[in-house]
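Under this note's numbering, the sequence shown has 235 at position 230, and the numbering climbs by one with no breaks.
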Amino acid sequence: MTYPAPRLHPSETHVSSRAPFMSPFLRPVAACRSLVLPGHFLPFRLGERQIGWVSPHLLPALKKAQQELPTHALQLDKDGVTLSGDNPDLPALLEKALHRSTGFLWRDEPFDIRETIDGPVLFQLDRGVLPMLGVLAQGVHANGLVYRPDGLHLWVSRRSATRPLDPGKLDHLAAGGIPAGHTPFGALIKEAAEEASIPETLVRQARKVAVLTYRLERPEGLRRDVLHCFDLDLPESFIPHAGDGESAGFELMPVKRAMEIVAETDEFKFNVNLVLIDLFLRLGLIHGAEAELVSRALYDEPHHAA
């Protein structure tokens, strides 16, 4: 699908003309998209469906959970980990057993679990256990764009220092996971209201511009995430206000400045970089041979087993 590009001020065109092999935008992309599965991970299955990947480090906790679950509910062997698909209560029992043995960060936010991005919902799990089992998670990110006489600007949030993941990092104006039962657009409306107090009438003008995927190993586990990305044009008069305490503040930043930060630092939260690089590509700020190289790194599906 081809998505529309935002409008640019004439002074902002053709910013990046460096040699493609010098592109600094490959670094943040590679940080999120270089992991090739299976690697050291073991398949995690629900019946015959492979839905995730688990690290061998989790096997002791899984063996303990195996003793707590009904007989034959959880199988561990050289081919991986298999949870029986015959009992719909088993996913919740496994999640609770893993929480007791590992103490993973319980988010109290159920997510729909699917085998593929648009596949049927198989069951639900707390958001906190998803990386541990390497299952797909989906989220939304919105570029809050303001067109001013001096050029295109982007509203940026600073994550609160008390956030359990990536505290203090720069973030999108509105971004978050897609809770169980929500569509991407429904989740965007929810996150925009909670994180930046954006009225629903404004959010409904958002345009879906990309779907990005990545996978990487993080302290919380294997992140296999799908990001539904939106552009949201905002009036100059709009001022965001944190509604849920997850933001320490907001800054209206020239897109050129955001581009410099992505290229030169790790100040943005890791996955925000991907969404911003997509924005820069659509704006034509990365162009020529460099754009082709960065596009392949960002959009192409790497070779993997599943």
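Where is the CB? At the ideal position from N, CA and C, for every residue including glycine.
Small disclaimer: the values here were computed from a predicted structure and weren't measured.
Taking Glu-196 as reference, the option from Ala-147, Glu-241, Arg-164 with the minimal CA-CA separation is Ala-147. Pairing Gln-129 with Ile-118 gives a Cβ-Cβ distance under 8 Å. DSSP, read as helix, strand or coil, puts Gly-133 in helix. Inside the region 76–163, DSSP marks whole alpha helix (DSSP H) runs of 4 or more residues at positions 95–107, 135–138, from first to last along the chain. When beta bridges are read from the DSSP output, Gly-248 appears opposite no residue.
Contact between Leu-175 and Val-277 holds, with the beta-carbon distance rounding to 7 Å and staying under 8 Å. A straight-line Cα-Cα distance of about 11 Å links Gly-144 and Ala-179.
Bounds of the beta strand (DSSP E) holding Thr-218 are 212–223.
According to the DSSP assignment, Val-231 belongs to the beta strand (DSSP E) that extends over 226–238. Distance from the CA atom of Arg-223 to the CA atom of Arg-301, rounded to whole angstroms, is 23 Å. In the DSSP secondary-structure assignment, Gly-57 is bridged to Phe-49. Closest option to Ser-165, judged by alpha-carbon separation, among Pro-75, Glu-73, Asp-249, Pro-29: Asp-249. Assignment of Ile-291 by DSSP, reduced to helix, strand and coil, places it in the strand class. Across the set Arg-287, Pro-61, Arg-262, the C-alpha of Pro-61 shows the shortest separation from the C-alpha of Leu-138. DSSP places Ala-296 in the helix class (H, G or I) of the three-state scheme. Within the same chain, no Cβ atom closer than 7 Å to the Cβ of Thr-76 is found once the five residues on either side in sequence are excluded. The C-beta distance from Cys-234 to Val-208 rounds to 14 Å, too long to meet the 8 Å contact threshold. Per DSSP, Leu-170 is not a residue of any alpha helix (DSSP H), being assigned neither H nor E. For Glu-196, the three-state secondary structure derived from DSSP is helix. A buried status is given to Leu-67, since no fewer than 16 other beta-carbon atoms sit within 10 Å of its beta-carbon.
DSSP links Pro-259 through a beta bridge to His-158. With a beta-carbon spacing of about 5 Å, Asp-171 and Lys-274 fall inside the 8 Å limit used to define contacts. Its Cα nearest to that of Glu-53, the residue Gly-85 stands out among Lys-213, Gly-85, Val-260. Here His-187 carries a coil assignment [DSSP, helix/strand/coil].
Annotated three-state conformation of Asp-271 is coil, per DSSP. Taking a cut-off of 8 Å on C-beta distances, the region 27–44 touches the region 255–272, as three or more cross pairs fall below it. For Gly-108 and Pro-115, the gap between their C-alpha atoms comes out near 17 Å.
Secondary-structure assignment with DSSP links Gly-254 through a beta bridge to Arg-163. When rounded, the separation of the alpha-carbon atoms in Thr-206 and His-177 is 19 Å.
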